[in-house]
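Report on the following structure.
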Amino acid sequence: MEKPATSSFRGLSPHLFGRAALAGLVLFATISALFAALIAFGTSAPPPPLASILEPAIAQARAQQGALPPLLQFTTRDGSKLAFRRYAGREDAALILIHGSTGSAEGMHAMAQVLNTGGGPTIYALDMRGHGQSGRLGDIDFIGQMEQDLADLLQILPPQAKLGLIGFSAGGGFALRVAGSELGQRFERILLLAPMLHPQSPTYRQNGGGWATAHLPRLIALAVLDNAGLPFFQHLPVLAFARQDSAGRPYTYSFRLWANFKAHEDYTADYRRQARAPIVLIGEKDELFNAAAYEPELKTIRPDAQVRIVPGVNHIGLSLSPAGIAAIQAELRDF
59 MEKPATSSFR
69 GLSPHLFGRA
79 ALAGLVLFAT
89 ISALFAALIA
99 FGTSAPPPPL
109 ASILEPAIAQ
119 ARAQQGALPP
129 LLQFTTRDGS
139 KLAFRRYAGR
149 EDAALILIHG
159 STGSAEGMHA
169 MAQVLNTGGG
179 PTIYALDMRG
189 HGQSGRLGDI
199 DFIGQMEQDL
209 ADLLQILPPQ
219 AKLGLIGFSA
229 GGGFALRVAG
239 SELGQRFERI
249 LLLAPMLHPQ
259 SPTYRQNGGG
269 WATAHLPRLI
279 ALAVLDNAGL
289 PFFQHLPVLA
299 FARQDSAGRP
309 YTYSFRLWAN
319 FKAHEDYTAD
329 YRRQARAPIV
339 LIGEKDELFN
349 AAAYEPELKT
359 IRPDAQVRIV
369 PGVNHIGLSL
379 SPAGIAAIQA
389 ELRDF
């Protein structure tokens, strides 16, 4: 006669299962409490104002009063009205400019004016969602929304125009993100100006050279949740900048804006994706990033990497100074 199946748990006390379940609940509660504490209280003080970035930007804003083209709007797929400035030029070529962290289209004015002259392409300088006059300051709705916004902008451009994309600083990281996506295949030319690659890249100075401070405990906790497919509390700020908003409060980015307005975590894959390597320009005296580290870093990713170091130019000077803008213009002579 066949013996009945036996269980390896036979003879164990039900109380052991109860204790195991209780221990599991205690562990879960402890981990939940830890995550709650990290999310609620894991913040840092914002860095002090960074004069090398703010003073030139303020001076430029004063100098260009009345010279800016009107602020226009386009409608995105979710019905939002996002802002941009258009510099009319050739209709067969369109160049899109992406500003840096906490910036707006206004900060791209000096560059746009020069690139637009003498038969240059039509320029579209954006207020990216979460910046300037586009949406809620310092926040977006979900990770990936900024690529959707860019794709929606392309719908209002002349369909026959060849496309170029220029991103500065954090906008350079975003332009690299686009380069690594299917959307990036629509651009014939991509320029990365002092791009933010990744905090673990050798190009990055600690705390971005004093420009930004991460709320690291909160950021890590939210990243763990996001990786687990739990997009909770992503409206909370995780990055504070060395400037204030128009209300005099520290300028911050939410987790979802921080996660979207940059390259993907594997920025090396982004850089490999384009048939033609995006050209990188960096000021010799950049105080946020390590200029000398870009070429060796990018050459390890692809041998055809091209990095131009602009002598005597600092971070903000790459987008504002005559020398910086001339270096950018030189890369677009055939565009």
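Sequence positions in the sequence shown follow this note's numbering and run 59 to 393. Glycine is no exception: its CB is placed at the ideal position from the N, C-alpha and C atoms. Computed from a predicted model, the values in this text were never measured in an experiment.
Test item: CB-CB of residue i and residue j under 8 Å
i: residue 163; j: residue 197; result: no
i: residue 261; j: residue 372; result: no
i: residue 225; j: residue 253; result: yes
i: residue 202; j: residue 318; result: yes
i: residue 368; j: residue 353; result: no
i: residue 111; j: residue 316; result: no
i: residue 329; j: residue 307; result: no
i: residue 106; j: residue 374; result: no
i: residue 299; j: residue 160; result: yes
i: residue 376; j: residue 339; result: yes
i: residue 87; j: residue 151; result: no
i: residue 118; j: residue 378; result: yes
i: residue 200; j: residue 314; result: yes
Residue i, DSSP secondary structure in three states
i: residue 312; result: strand
i: residue 253; result: coil
i: residue 65; result: Bear in mind that a pLDDT of 49 at residue 65, under 50, signals an unreliable position, so the model cannot answer this.
i: residue 189; result: strand
i: residue 196; result: coil
i: residue 203; result: helix
i: residue 302; result: strand
i: residue 147; result: coil
i: residue 307; result: coil
i: residue 214; result: coil
i: residue 377; result: helix
i: residue 131; result: strand
i: residue 179; result: strand
i: residue 105; result: coil
i: residue 272; result: strand
i: residue 368; result: strand
Cβ neighbours of residue i in the same chain (closer than 8 Å, five flanking residues each side left out)
i: residue 126; result: 143, 164 and 167
i: residue 279; result: 93, 96, 97 and 100
i: residue 232; result: 156, 186, 204, 225, 318, 319, 320 and 321
With 16 other Cβ atoms within 10 Å as the buried cut-off, status of residue i
i: residue 355; result: buried
i: residue 213; result: exposed
i: residue 30; result: No answer is possible for residue 30: it lies beyond the span of the chain, which begins at 59 and ends at 393.
i: residue 135; result: exposed
i: residue 216; result: exposed
i: residue 104; result: buried
i: residue 76; result: exposed
i: residue 295; result: buried
i: residue 266; result: buried
Cβ shell of residue i (< 7 Å), same chain only, five flanking positions each side left out
i: residue 370; result: 342, 343 and 381
i: residue 362; result: 335
i: residue 245; result: 221, 222 and 223
i: residue 205; result: 236, 239 and 241
i: residue 172; result: 383 and 387
i: residue 331; result: 237, 238 and 242
i: residue 230; result: 250, 251, 252, 253 and 254
i: residue 327; result: 238
Any C-beta of chain D under 8 Å from that of residue i
i: residue 113; result: This model lacks chain D altogether, as it is built from one protein chain only.
Cβ shell of residue i (< 6 Å), same chain only, five flanking positions each side left out
i: residue 174; result: 145, 147 and 181
i: residue 357; result: 363
Cβ distance (whole Å) where residue i is taken to contact residue j below 8 Å
i: residue 311; j: residue 234; result: So it is not a contact: roughly 18 Å between Cβ atoms.
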